[in-house]
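Chains as they are written, first to last, in this note's numbering: chain H, 1 to 123; chain C, 124 to 246.
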């Protein structure tokens, strides 16, 4: 965690009713599943319990018309997992939204930046 | 709270070191102070304790070079409060950032929207 100056944290949550269909944790989990081929391993990388990682996957698969994650034979206990084409598309879209939102507010961010105290006053 | 379809919740937090210099709660508080002329009344409107509202104001005033909120005579116990010119400027900038970020991601939001389940399946 850098302490070297102001940072803007932007969080986007796509809500469907009371459920978070997609947010930062779920996007990271999709990314982890794509890179590890396993829900359990992806969850571990993120410091998430196996149960929680599974719950997030189930919520995503329920909130979208088509599943974002496909699990192999063995179901909950094994067999690996991967993103569907739809899963890749949703993840890419979410990351692009983050980049676009950050780019759109960069000018205002610079102007706020100048109004903030020096971190050197704070340490 | 509407349940009538997908909603994107966007949260921006401006961090200075470990402190939140500005975020949704503090922006709402600034707005409340501007409209009520009182930290206590603004906090009440937001369901915040007096102590918490004061703490948020103190954090903002400390994180920015110049105070965003000016309190009248009577200090913590009375005398009213108002935004400084700097406070108005920071609040306006933050609201503009929210609008710009939302506008920037509207096309992706529409495309995600189409991939989500119908809420009618969920109720």
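Heads up, the beta-carbon is just placed ideally off N, CA and C, and yes, glycines get one too.
Cβ proximity to chain H below 9 Å picks out nothing from the segment 152 to 180 of chain C. Residues of the segment 128 to 142 of chain C with a C-beta atom less than 7 Å from some C-beta of chain H are 129, 130, 131, 132, 133, 134, 135, 136, 137, 138, 139 and 140, listed in chain order. A Cβ of chain C is located within less than 8 Å of the beta carbon of residue 97/H. Taking a Cβ-Cβ threshold of 8 Å, the residues of chain H close to residue 216/C are 108, 111 and 112, in chain order.
For residue 81/H, the pairing in a beta bridge is given by DSSP as 71/H. Comparing alpha-carbon positions, the option among 207/C, 159/C and 166/C lying closest to residue 190/C turns out to be 207/C. For residue 183/C, the three-state secondary structure derived from DSSP is helix.
Exposure of residue 72/H is indicated by the presence of fewer than 16 other C-beta atoms within 10 angstroms of its C-beta. Comparing C-alpha distances from residue 241/C to each of 9/H, 16/H and 37/H shows the shortest one belongs to 16/H.
Interface residue (Cβ-Cβ distance to chain C less than 8 Å): residue 90/H is classified as such. Residue 144/C reaches chain H at 6, 112, 116 and 117, counting residues in chain order whose Cβ is nearer than 9 Å. Between residue 82/H and residue 37/H, the gap from beta carbon to beta carbon is short of 8 Å. When the beta-carbon positions are compared, residue 145/C and residue 171/C stay at least 8 Å from each other.
Per the DSSP secondary-structure output, residue 9/H pairs in a beta bridge with 136/C. Put simply, the backbone Cα of residue 103/H is about 15 Å away from that of residue 112/H. Taking a C-beta distance under 8 Å as the contact criterion, residue 101/H and residue 224/C qualify as a contact pair. For residue 86/H, the chain C residues whose Cβ falls inside 9 Å of its Cβ are 238, in order along the chain.
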